[in-house]
Amino acid sequence: MSGICAGRVVVVTGAGRGLGRAHALAFAAAGARVVVNDLGVRLDGEPGGENPARAVAAEIRAAGGEAVAHDGDVATGEGAASLVRTALEAYGRLDTLVNNAGFLRDRMLVNLGEDDWDAVLRAHLKGHFLPLRHAAAHWRAEAKSGRGPAGRVVNTSSGAGLLGSLGQGNYSAAKAGIVALTLVAAAELDRYGVQVNAIAPAARTRMTERAFAGTMSAPATGFDAMAPENVSPLVVWLGSAASAGVSGRVFEVEGGRLSVMEGWHRGPTADKGARWGVEEVGEEALRLLAEAARPGAVYGAGPG
Ligand SMILES: NC(=O)c1ccc[n+]([C@@H]2O[C@H](COP(=O)([O-])OP(=O)(O)OC[C@H]3O[C@@H](n4cnc5c(N)ncnc54)[C@H](O)[C@@H]3O)[C@@H](O)[C@H]2O)c1
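Following the numbering used here, the numbering of the sequence shown begins with 1 at its first residue and continues without gaps.
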């Protein structure tokens, strides 16, 4: 099959539904052989009794592409290891990892249970780290044996991780952690020829269609801005060899709008060259704040 990803083998986690499914179909259409992972859980992470990974792999094959299904939990060591093993056993190589799987347990902080904290951090943050670690170990071995892989990782953050989101303390913390993990991985894996970037998408999926029904619904005619398929072209490009030189970046993508996110950087600064007094540091902090740009509003909190 020809296309920007011809010859590449791509793993997409959480690809049985929503954005991951759209990415898997787009990679296959771009010529990649795809490992479609999905544990088939409900929106709150509880067992769902379905195998959507198998359905999406079959959909790709029916359209003339190549795909295999993997229905393991990417937030476990064995699930992540067998995910990478599946790519190597089925197709003999691994070129791109798209970390996308996850679920929600939204609560205001005062009601957020320890289980809901752990479950969401585990699925998103550990569910990014473990596949990344296993893929990186493979790419390091490839680089050491002189094969110079053009490895690519696309991680999935969220506006919630960049600005915060009311009722999503667990999710926002996990998604912010994914951005920091992306920066570290990009710096550490550069020497092996591996690029690591992150996206903050917005699209109509089961995660958003009820909470944001007004903004997510499809128009009767014209451009369906919230279709998940609008996010996938950037993910395919980042996951291809064509994105050479792009690493450690975060892109926001929604409908036809694409933004490079510019993150934390040092703003107004004062250096006394000695320890500040408490009142003195307070006065100085207020002076610096008056000069500083205001942060964007937390999602759900109205204008900042
Ligand atoms: N939809 C949006 O607007 C939006 C916005 C920002 C970020 N995101 C992120 O995009 C990603 C995809 O979300 P979506 O909206 O398509 O949701 P979705 O619920 O449609 O898809 C997520 C898939 O991940 C699978 N999954 C969950 N835990 C798993 C695990 N441990 N191992 C393997 N599979 C697992 C689920 O079974 C599900 O099919 C998520 O990381 C989400 O946080 C989505």
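Idealized CB from N, CA, C, for every residue including glycine.
inquiry  = I'd like to check one pair, S145 with N197: are the Cβ atoms closer than 8 angstroms?
reply    = Taking a C-beta distance under 8 angstroms as the contact criterion, N197 and S145 do not qualify as a contact pair.
inquiry  = Suppose you measure from the CA of A30 to the CA of G263; what does that come to, to the nearest Å?
reply    = Each residue's CA atom was taken as its position, placing A30 and G263 some 31 angstroms apart.
key: Beta-carbon contacts of L286 that lie in its chain and below 7 angstroms, excluding the five residues immediately before and after   = Contacts found: none.
ask   = Going by DSSP, which residues form a beta bridge with G151?
value = Its beta-bridge partners are V194.
request  = Determine contact between the segment 212–232 and the segment 119–129, defined as no fewer than three beta-carbon pairs at a distance below 8 angstroms.
outcome  = With the rule of 3 Cβ pairs closer than 8 angstroms, the segment 212–232 does not count as touching the segment 119–129.
Buried versus exposed, by CB contacts within 10 Å (16 or more), M207 = Buried is the call here.
request  = Return helix, strand or coil for P201, following the three-state DSSP convention.
outcome  = DSSP places P201 in strand when its eight states are reduced to three.
message = Can you determine whether any heavy atom of ligand 2 sits closer than 7 angstroms to the C-beta of M207, and answer yes or no?
response = What this structure holds is ligand 1, not ligand 2.
request  = Compute every distance between the C-beta of H134 and the non-hydrogen atoms of ligand 1, then say whether any falls below 7 angstroms.
outcome  = No, Cβ of H134 sits at least 7 angstroms from all heavy atoms of ligand 1.
message = On the DSSP letters alone, give me the boundaries of the beta strand (DSSP E) that L97 sits inside.
response = From DSSP, the beta strand (DSSP E) with L97 extends over T96 to V98.
inquiry  = Is any non-hydrogen atom of ligand 1 found closer than 7 angstroms to the C-beta of F251, if you look at the structure I gave you?
reply    = Not under cutoff, so the answer is no.
task = Return helix, strand or coil for T221, following the three-state DSSP convention.
result = Coil at T221, not helix or strand.
query = What do you get for G290, buried or exposed, if any count of 16 or more other CB atoms within 10 angstroms of its CB means buried?
reply = It should be pointed out that residue 290 corresponds to Ala in this sequence rather than to Gly. Around the C-beta of A290, fewer than 16 other C-beta atoms lie within 10 Å, and the residue is accordingly described as exposed.
ask   = Taking R21 as the reference, which of P233, V120, V281 and H265 has the closest Cα?
value = When C-alpha distances from R21 are compared across P233, V120, V281 and H265, the shortest belongs to P233.
key: beta strand (DSSP E) segment containing V68, residue limits   = Taken as a continuous stretch (DSSP letters only), the beta strand (DSSP E) holding V68 covers E66 to H70.
request  = Assess, as a yes-or-no matter, whether the segment 132–149 is touched by the segment 174–193 under the definition of 3 or more beta carbon pairs within less than 8 angstroms.
outcome  = Under the Cβ criterion (8 angstroms, minimum of three pairs), the segment 174–193 counts as touching the segment 132–149.
request  = Mind the definition here: the segment 98–117 touches the segment 50–66 only if three or more C-beta pairs lie below 8 angstroms; say whether that holds.
outcome  = Taking a cut-off of 8 angstroms on C-beta distances, the segment 98–117 does not touch the segment 50–66, as fewer than three cross pairs fall below it.
request  = Sort out for me which residues DSSP pairs N37 with in a bridge.
outcome  = The partner list for N37 (beta bridge, DSSP) reads H70.
message = Strictly by DSSP, which residues pair up with S165?
response = Beta-bridge pairing links S165 to Y299.
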